[in-house]
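Let me begin by presenting the structure, written as structure tokens, before commenting on it.
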Amino acid sequence: MLKKRIIPVQLLNDGRLVKTVGFGTWRDVGDPVKSSAVYNSQYADELVFLNISREKRSVEDLVKVIGEVSKVCFMPMAMGGGITTADEAAFLILNGSDKVVINSAAYDTPEIITETAERFGAQSVIVCVDVRWDAALGNYRLFSDCGRRERPLTLEQHVAACEKAGAGEIMVQSIDRDGSMSGFDIELIKRAMAATRLPVIGCGGSGNYEQLRDAFLATDVSALACGSMFNFSDSNPIRAKAFLSNYGIPFKVV
């Protein structure tokens, strides 16, 4: 049985860690290096950093974070936010990022996925898909650019296109659940998984260990990404794994 993963998501805004609610309001939650050192001691499986700075987003900023975090953190890291070319993706990987996270560019220039996967392997490319539920429509709507730009594709169409382009993983993120700590959108995860053979990471809504258990057991998702749960409670990855292991959910032994 494939091992599951618990992945802290760290949002960067002008060099600081922040936590958003619904991709809108945000709170400062600390320093990325100190936070990463804590996650390293708590046996997180990997870390995802997303640069959500609205004024300026550059891969140079992410490389600075990689350099500092790699001194205290010895687990796989994925970096995303503002990647617009295959050269920028390569720059991040060659400077220490194990993976890159592609979002807006997956719609506009999917060849970034293909070129990066061909050069570094499919496992190096995560495509993040930001999604809102539209009750009137009775379906999900896709957004990019930190939730500001709607995309005229269905979830299934986009996920399938990203797989075809060469992505190695799909991270599906509920904008509605972001920062809510109300639990994962299990239907969203199921639909993403049904649209691809790739590993899927569920993101948005983590609040407690029971919600992680419910999502893993209901969907068999490969990984769950958590933000508020680790920032605003005494929860941590090692306790989460201990709790989830009681329900037969397998994790890497550390």
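When the letters of the sequence shown are read in order and numbered with this note's numbering, they come out as residues 483 to 736. In this text, a Cβ means the ideal position worked out from N, Cα and C, and glycines have one as well. Nothing here was measured: the structure is a model prediction, and the numbers come from that model.
- Residues of the same chain with a CB within less than 8 Å of the CB of Glu632, apart from the 5 flanking positions on each side, are Arg623, Leu624 and Phe625 in chain order.
- Judged by DSSP secondary structure, Glu638 falls within the alpha helix (DSSP H) whose first and last residues are Leu637 to Ala647.
- Where Thr502 is concerned, there is no enclosing alpha helix (DSSP H), although the beta strand (DSSP E) around it starts and stops at Arg498 to Thr502.
- If you check the CB distance, Ile608 and Val641 do not come in under 8 Å.
- At a Cβ-Cβ threshold of 8 Å, Ser710 and Ser688 count as neighbours.
- For Gly512, the beta-bridge partners assigned by DSSP are Leu499.
- Cβ contact annotation for Asp667 (same chain, cutoff 6 Å, sequence separation greater than five): Ser656 and Arg659, in chain order.
- Per DSSP, the unbroken beta strand (DSSP E) holding Asn621 starts and ends at Asn621 to Ser626.
- In this structure, the alpha-carbon of Asn522 lies about 21 Å from that of Leu574.
- Within its own chain, the residues whose Cβ lies closer than 8 Å to the Cβ of Val503, once the five positions on either side in sequence are excluded, are Asp660, Gly661 and Ser662, listed in chain order.
- Under the three-state reduction of DSSP output, Gln605 falls in the helix class.
- The residues Phe505, Asp612 and Ile657, in chain order, have a CB closer than 7 Å to that of Gly629 in the same chain once the five nearest residues on each side in sequence are set aside.
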